[in-house]
Amino acid sequence: MIQICNIIAELCSMIIHSCPDDSLFVKYSCLTVNRKNKMLRDISENIAPLFEPDKLPSIRQLKKADLDDRFYSLLEGYIAALQIRNDLFTMIALVQVLDEALKSFLLEQIRMYQTDNFSVALNSNRETTGIGLLPRCSCIWERSNRLSHSYNRLDNFLFHFLLIENSILGELIDKHIFLSDDFFPDFSAQRQLKIAATPLRRERHYIEEEYTKNDIQYLRISYDRKKSAEDNDEIWKKTIIAAKNNCDIIVFPELLGNSDTPENISQRLRSLSSEEQKNMPSLIILPSVWEKNMNTVTVLDRYGNVICRQSKQKPYLKEHDGNVFLENIKTNLVVNILHFEGIGRIAILICKDFITTKYMEQLMRCFKLTLIIVPSNSTGSYDFRQSFDVCAHDDCNVIWINTCAAIKEGKEDNFRNIGYVRKRIGRYDDDSQKLCEMPVCGGAFGGNCRRDCIYFETIRGV
């Protein structure tokens with residue numbers, strides 16, 4: 050599989066680097082049927098194993114036995130001939146044919162990746178080509194022609210390969226986790242995800258410490274360790290409520306964890322019977338913890354295993370008495386992408402990461418994200434709502450949950466809603482269904498928080 054993927058990566062790189070702008074892909078989308086058929090005939094005459102005999106343009110699924118020295122010789126010779134002819138249109142068509150011909154291989158590769166802690170690109174020449182290839186999981190709310198009318202790129206024409214361009218990814222380090230088929234056990238039958246999200250509580254059990262270093266004003270988070278056990282009990286209580294409501298995912302806000310939270314909740318999950326574990330949410334997005342200059346979310350499965358740890362990349366800026374303080378966090382540049390057939394690709398962007406628009410779009414378009422989860426601790430929702438429509442435009446749903454602990458005097462109007470689920474809906478669906486609000490309770494302002502707020506929403510296919 051590596052050899053064929055290396056050839057495809059080289060071919061994609063060749064096409065992309067031969068285009069001074071995106072006009073090639075625009076024109077390719079508008080080719081006549083005659084030109085398309087002519088290209089397919091040319092490909093079939095040069096690489097016959099890619100097509101069913103006498104059934105042009107029926108592309109056949111390649112088998113392991115097909116990928117022999119003769120096949121590779123034909124493929125590499127044909128690509129060299131196309132390069133001499135500078136026939137970029139036929140090169141794109143060839144990538145499309147290979148994308149379809151390798152569909153079965155890629156589905157099998159997904160099953161293999163599901164057994165790994167994390168997965169790397171299918172090709173070994175990513176560094177030299179600038180292209181990473183992965184199998185692409187489908188998504189029930191993603192259009193087949195996603196982005197084709199707004200962003201003209203080579204991967205608009207691919208359906209089974211996920212094409213990652215290093216030039217878009219930049220300095221970020223991508224880590225991919227392919228979740229097993231039974232990770233969301235009810236999804237294949239119900240074709241939906243039930244989400245629980247909770248602001249957790251009004252009280253702050255941490256303080257923001259302001260200090261100056263090398264003439265820069267910083268802030269850091271310091272926790273009240275005496276409250277750790279109480280906080281963990283509250284997190285567990287909400288997880289149990291989510292389980293009783295048959296939720297697939299539960300999302301907690303930013304900063305309301307503590308250094309003991311990940312291990313504490315993991316141990317509680319591990320102590321359950323196998324039957325009890327089956328009823329727990331499949332994906333538990335714990336509240337982030339600010340520790341050692343990192344702001345990190347730990348993601349657990351229903352058995353207490355750590356799926357990944359996602360650190361915040363973009364620091365928060367706090368304005369106070371005319372001064373601006375920088376959240377002093379280290380960025381490790383690692384971005385975790387969770388893959389699941391039918392759901393697509395999930396990423397967690399912690400608060401400021403999501404409203405740093407260039408960064409959010411960079412991830413969304415590089416990995417064709419289909420679900421972004423946003424744990425937040427923010428004094429308002431306006432900037433987040435502004436970004437929701439960008440995501441919906443790209444067929445990417447968003448779960449955003451804030452916390453009442455972020456309420457500040459004079460900014461109460463910013464907290465009419467404490468969370469949202471932004472869903473892509475069909476063009477004929479009721480428009481009111483696209484933005485699902487989580488209204489804040491009266492206790493948030495009255496000083497009598499009961500700590501019982503938890504919201505439920507369902508994401509379905511379109």
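In my numbering, the protein residues as written are 50 to 511. Backbone N, C-alpha and C define an ideal beta-carbon position, used for all residues, glycine too.
Alpha carbon to alpha carbon, what distance is there between serine 229 and cysteine 498? 39 Å
If the criterion is Cβ atoms closer than 9 Å, does the pair cysteine 186 and glycine 393 meet it? yes
Any C-beta of chain D under 9 Å from that of asparagine 294: Protein chains in the displayed structure number just one, and chain D is not present.
Assigned secondary structure, lysine 76 (DSSP; H/G/I helix, E/B strand, else coil): helix
For leucine 89 versus phenylalanine 74, is the C-beta distance shorter than 9 Å? no
Cβ-Cβ distance between glycine 306 and valine 348 below 9 Å: no
Nearest-angstrom Cα separation, counted from lysine 104 out to phenylalanine 403: 48 Å
Between which two residues does the alpha helix (DSSP H) harbouring leucine 89 extend? 82-95
Alanine 142 lies in the beta strand (DSSP E); which residues open and close that run? That residue, alanine 142, is in no beta strand (DSSP E); its alpha helix (DSSP H) goes 137-150.
How many angstroms separate the CA atom of glutamate 376 from the CA atom of isoleucine 265? 11 Å
What's the C-alpha gap between leucine 203 and leucine 211? 11 Å
What residue range does the beta strand (DSSP E) around arginine 119 cover? Segment 118-134 is the alpha helix (DSSP H) holding arginine 119; no beta strand (DSSP E) there.
What residue ranges within the region 232-307 form continuous alpha helix (DSSP H) runs of no fewer than 4 residues, ordered along the chain? 236-239 and 277-293
Pick helix, strand or coil for threonine 507, following the three-state DSSP scheme. strand
What are the partner residues of tryptophan 449, as DSSP defines its beta bridges? Val423 and Tyr469
My output table needs one value for glycine 371: the three-state DSSP class, helix, strand or coil. coil
Nearest-angstrom Cα distance between tryptophan 190 and valine 511? 5 Å
Could you tell me how far apart the beta carbons of serine 62 and isoleucine 141 are, in whole angstroms, since I believe they sit closer than 8 Å? Actually they do not touch by this definition, with Cβ atoms about 13 Å apart.
C-alpha distance - proline 311 paired with threonine 164, whole-angstrom precision: 23 Å
Return the CA-CA distance between serine 168 and glutamate 461, expressed in angstroms with no decimal places. 44 Å
Could you give the distance in angstroms between the alpha-carbon of aspartate 479 and the alpha-carbon of alanine 441? 15 Å
Beta carbon of isoleucine 53 nearer than 9 Å to that of tyrosine 121: yes
What does a CB cutoff of less than 7 Å around glutamine 241 pick up in its chain, not counting 5 residues either side in sequence? Thr507, Ile508 and Arg509
Check whether the region 253-260 and the region 412-423 touch, using three or more Cβ-Cβ pairs below 8 Å as the test. no
If you drop the 5 nearest sequence neighbours on each side, which residues of the same chain put their C-beta closer than 6 Å to that of phenylalanine 464? Ile456 and Val489
N- and C-terminal bounds of the beta strand (DSSP E) containing arginine 358: 355-360
Of all the options Glu220, Ile289, Val383 and Lys401, which has the alpha carbon lying nearest to the alpha carbon of glutamate 325? Ile289
Assign methionine 161 to one of two classes, buried (16 or more other C-beta atoms within 10 Å of its C-beta) or exposed (fewer than that). exposed
So what does DSSP say about asparagine 344, is it helix, strand or coil? strand
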